[in-house]
Structure formats: C-alpha cells, structure tokens
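What follows is one structure encoded as structure tokens, with my remarks underneath.
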Amino acid sequence: MTVGNPNGEYLLTNECSIIEHMQRGTMRISTDDDGTRATVAHALVSGAPVVLSGVTVPGTLLSGLDGRAASGRAASGMRTTDIGIAGGRFRRPADLAGARRVQAAGWTLLPGLADAHVHLDKTYTVSETGMADGTLMGAIRLHSEVSGNWTRADHLQRMRRAVTEAAAAGTRHLRTHVDCPRPPDQMPGWQAARAVQAEGDVTVQLCALGALSRAQDADFTDRCRQVAAAGGVLGAFVAPGQADRALFEDFLKGAEAHGLDVDLHIDEGLHPGPASLPVLAEAVLATGYKGRVLAGHGCALSLQPEPERARALDRIAEAGIAVASLPRTNLYLQDRSPDGTPVRRGITIVHEMRAHGIPVLFGADNVADAYYPLGDYDLLHLFGEAMTVAHLDQDPDGWIDAIAGVPARAMGLDGGRIAPGAVADGVLVQAADWPGLLTAPVAGRLVLRDGAPLKEDFGSIAVTQGDMA
Ligand SMILES: [Zn+2]
287 MTVGNPNGEY LLTNECSIIE HMQRGTMRIS TDDDGTRATV AHALVSGAPV VLSGVTVPGT
347 LLSGLDGRAA SGRAASGMRT TDIGIAGGRF RRPADLAGAR RVQAAGWTLL PGLADAHVHL
407 DKTYTVSETG MADGTLMGAI RLHSEVSGNW TRADHLQRMR RAVTEAAAAG TRHLRTHVDC
467 PRPPDQMPGW QAARAVQAEG DVTVQLCALG ALSRAQDADF TDRCRQVAAA GGVLGAFVAP
527 GQADRALFED FLKGAEAHGL DVDLHIDEGL HPGPASLPVL AEAVLATGYK GRVLAGHGCA
587 LSLQPEPERA RALDRIAEAG IAVASLPRTN LYLQDRSPDG TPVRRGITIV HEMRAHGIPV
647 LFGADNVADA YYPLGDYDLL HLFGEAMTVA HLDQDPDGWI DAIAGVPARA MGLDGGRIAP
707 GAVADGVLVQ AADWPGLLTA PVAGRLVLRD GAPLKEDFGS IAVTQGDMA
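Residue numbering for the sequence shown follows the working numbering, beginning at 287 and increasing consecutively.
See below:
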C-alpha cells in the first residue's frame, strides 16, 4: 500500500485503503496543525467540524466572513481568514466551538469553479481530425469529415476523461455544447452527454447546438421538447455577418414556449460590418423573452467604431445578455493569414462590457480538437491566459468571479461564494497570491465536495513515517 522515499515519507497508492483507515480511525496523521495537504485532507475526511485557520480567499469571492488583507505583495484583493466547515457547509468559526483547527496558511480556498462553455462532443479528437488550417471554416470542414463515425461509446470515453480532469482541477459545473444537426436524441454525442450528466462530481448541463435557421425547421418543436427533457439549453450558431432579427425572434419564441434558456455562438469573426450581438439584443427586447441569454465569442464587437459600439453595449446590457469570452480559440482562429503574423487578438471587449454592467465569463471552449489543438479543463490556467490576453492583471480579484459565480449564474445555478451556510464545494490550492494560484499544478490541489475531499483525490497523499497505526 505504501512506497517509501529517502525523506522518510510515504506515498499512499491505494485510495480505498486510505479512506477506510481514515474512517475507522486506524490511521493517525499529526494533528498539530502542520498545514500539509495530508493533514488538511485527513481533517476534512473525518467529517468532524474543522476550522481552516489563516486560509487565503479572493476578497470578491468571500461573503459574510471577516478577513484581513493578505500580506503578499502579489496578493491584491485577497483576504486571510478562518473558515469553518461542518455538515457539508461553510460555517462561521464562532459557531463551531471546540472544532479542530487546521493550519491552512499558504493555501488559497476557492469556491467550486464553473465553465459555461465547452464542447465535450469534440474534445480529445485532434489526433483523429488532424490540425486544420487554423481558420474557423477550416476546422468545421475537418471536423465534419470524421465526426459522423463517432459512436456513443467513443463520445462517452472522451467525455468521462474531460469531466474527470475538470473535477480534479476544481470545476464544479460545466455547460457543454453538443452538435445537433438533427434532433438531439438522435445524436450519439447528446446521448453520451446525458449519460455523463448522471454520473459524476460535476454538474453537466447540455446545450443543443445547431444553425440558427433550425428555428424554421419543421422539427424545431421536437428539438425544443428534447432539450427540455434533458434539462438543457437551446443553442444556436450564428454565421458571421448573418444575423436575422426575425430568425432570432422565432428562436427566442420557441425557447420561451418550452421554458428554455438560450446560448449562442455569435460574432465569432473579425469581419468588417455590423455585429450580430446588437441584433440579438433587439430581438430579446422586442419579444420580451424571459429566459437567460448567454452569448459566446463576440469577437466582431471589438471592431465596431464608436458610437455604434457604445450603443451596442447599452442594448446588450438592457437585454440582460451575459457574454462568454473564449480567449484560447479566439487567439488560435482569429486574424489568421497564410503568410503573416496575427495582430488582432480576437477577444471581445471584456473591460468595456463589464463597465456597462454586462456579466462576462471565461470558458475553455474547445480542448484538443480541430478548433483548438491544445488546452485543458483547468480554469485557473485558463484565467491566467485570459489575464495575459485581456490585461486582467490590474484587477485579478475583480475578475476571478468570471470563472466562479458569473458562469454559475449564467447556468441558473448557485455557487461561486465562500459564505457561511453555502455548500462547502471548492478547491484548496497551495498558493497564497495570484501568480502562485494561477500557475499551481493540478496534482497538488485538494478538491472539496460537501466539505469532504473528492475520493479521486486520494491517489497521492504524502504522510510522514509512523503515521500509520
Ligand atoms: Zn464554442
């Protein structure tokens, strides 16, 4: 069960055994608050009330708990505080008299993270598709050539890998788009995603993605019904420069009739001319659509001249549309030319949107497919990349909710806060400032569900020699 190393430590390799030992109390780990990962994990797995002492939390994600400014010079906006955990929820330490205190200085606690824009039906397929020419249309062509061969089982295997990796990195909620050129129940990717939805430690919300013109198809009502049956979201792809106000209204009316939220791929291009997002906003306002609207990409807005840009932002805000910015695919697919260096970043105008009160989130989008051959499901790494692309570094604390509460709310879910009474989902990362947090390896993190470590997280817990009874 154990493997020794020269430092007198043991690496536990049998996760079931360690859990059994912990639950039976036959394994002892030092309880003198040494702040190691094993100590924290052991305290939490016991189920007894615990207070994490001196833990760091980004200030905007902390609610209803006191804290003092973190001392690190690269920790702007972070707070240092004590946080109780009991009964699967975060608690005020004052309400947990006699609870075991565990030294958590040097650790940052984040709430469960959320990614509202991924494509699990395409993920990890780049070795089959090959890498495209780097354009959106090239990726669509390449993907279409092979995706018709994929079975439900093929999808299931890849989706499980993605969800497992997302969970290990600290993700609690995922929304996946699934290509649905036919009604969703006929699509192997949709069938697989529904199976994964029922399985794991991550909420998986499904969005049926098809061309916006599907709203005029004879089977549009069937599409809406099947999406509703999966607790899903109605998706649409709006080809660059092809916004049609009447079509948007048909789409929104269909969604409304079935109680569906909507999620659109829109303005994914840097073509000159009017952007489509303002047209969507007008359609939302004209129809009085009451559901949530999430709009992904919005690249073309970055090219809009003033005063059209300011007017567009006003209307998007008035319509209550949230925006998913997807920096990796934008950097890869936008401003592509066969023999030149890209200049325009493609990312939408996230600072201006936030200043207009538009909720902005960041998503991984494509991971290891024809649309983006690299990437992963680690939202902290993604946030670090977004920081570089969009210059979020002057206010990381103001932006960190873009991978926590903003996407959770866009999905109609609670979460994204460390607050007394909130479900104790989250992730502990061994870092106490922004550079440390955003470059921390996944392997050293401790993911919490209902106040206990994820079972999968016990694969490599180091404990000191002599800790075993
Ligand atoms: Zn996408």
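Ideal Cβ positions, reconstructed from N, Cα and C, are used throughout, including at glycine.
From a predicted model like this one, the values you see are computed outputs, not experimental measurements.
Of the residues the options, the one placed nearest residue i, counting alpha carbons only
i	options	result
A567	V579, E592 and L556	V579
R480	A454, G702 and H441	H441
D505	G540, T367 and P558	G540
A448	V609, S357, R359 and V482	V482
G555	C493, P613 and G350	P613
K576	E542, L338, G698 and L550	E542
P564	I607, L546 and H557	I607
R601	H642, R378 and R375	H642
G582	T437, A690, D401 and I369	D401
Q266	Q512, G456 and H463	Look at the range of the chain in this structure, 287 to 755, and you will see that residue 266 is not part of it.
L498	G486, P560 and R468	R468
E604	P470, P645 and L382	P645
G370	G384, R359, A361 and S362	G384
G584	A596, T627 and I633	I633
L550	V709, G707 and H403	H403
R377	S362, G363, D352 and A418	D352
G373	A361, L330 and L399	L330
T379	G670, T457 and P335	The amino acid at residue 379 is misidentified as Thr; the sequence shows Pro. The candidate whose alpha carbon is nearest that of P379 is P335.
E592	G559, A569 and T615	G559
A418	R735, Y618, M673 and P693	Y618
V548	V570, A532, R531 and G684	V570
G691	G574, T457 and T367	T457
R735	S362, G358, G398 and R509	G398
M697	A610, D368 and F537	A610
G712	G701, Y663 and P721	G701
A710	A738, V728 and W720	A738
V519	R631, G424, W476 and T367	W476
Which residues DSSP lists as bridging residue i, in chain order
i	result
R365	V343 and A355
Q528	Q528 pairs with nothing; no bridge assigned.
L348	I704
V432	In the DSSP output, where bridge partners are listed per residue, V432 has none listed.
H544	According to DSSP, which records beta bridges pairwise, H544 is partnered with nothing at all.
P739	L734
Y658	D655
S497	Residue 497 is actually Ala in this sequence, not Ser. In DSSP, A497 forms a bridge with F523.
I552	H583
L370	Sequence inspection shows Gly at residue 370; the Leu mentioned does not correspond to that position. DSSP, once it has assigned bridges, lists V337 and R377 as partnering G370.
T489	H459
D465	L495
T394	T342 and V715
Start and end residues, beta strand (DSSP E) containing residue i
i	result
S611	I607 to S611
L678	Neither: L678 is in no beta strand (DSSP E) and is coded neither H nor E.
L714	G712 to V715
V404	L399 to V404
A522	V519 to F523
R377	R375 to R377
A647	Looking at the sequence shown, residue 647 is not Ala but Leu. It spans V646 to F648 - the beta strand (DSSP E) in which L647 sits, taken as one unbroken run.
V388	R386 to Q389
Other residues of its chain near residue i: CB distance less than 6 angstroms, five sequence neighbours each side excluded
i	result
L714	W393, L395 and L732
T489	H459
S562	V524, A529, I552 and D553
A717	T394, L723 and A726
H463	H405, C493, L495 and G521
L348	R365 and I704
P628	D621
L666	L724
M673	D679
Boundaries of the alpha helix (DSSP H) in which residue i is found, first to last residue
i	result
Q443	R438 to A455
L734	Looking at the DSSP string, L734 is not in any alpha helix (DSSP H); the run it does join, the beta strand (DSSP E), is L732 to R735.
C510	F506 to A515
V482	P474 to Q483
P564	L563 to T573
R695	G691 to A696
T245	Residue coverage of the chain in this structure runs from 287 to 755, which leaves residue 245 outside it and unanswerable.
S601	Sequence check: residue 601 is Arg here, not Ser. That run of the alpha helix (DSSP H) goes E594 to E604.
H637	V636 to A641
L724	W720 to T725
Residues of its chain near residue i, where Cβ-Cβ distance is below 7 angstroms and the 5 sequence neighbours each way are ignored
i	result
A355	R365
P474	W436, T437, R438 and H441
L740	A453, D487 and V733
A572	E535
T415	L428, H429, V432, D655 and A656
L382	P335, V337, G370 and A372
L546	C510, V513, A514, V519, L520 and G577
Close beta carbons around residue i, own chain, < 8 angstroms, minus the five adjacent residues each side
i	result
R595	L587, I635 and E638
R444	L406, T409, Y410 and T411
Closer than 7 angstroms: residue i CB and nearest ligand 3 heavy atom
i	result
R427	For the structure depicted, ligand 3 is absent and the ligand set comprises only ligand 1.
Query raised in the report: Just the residues with CB closer than 6 angstroms to a heavy atom of ligand 1, in chain order, which are they?
Result: Chain-ordered list of matching residues: H403, H405, H463, H551, G582 and D651.
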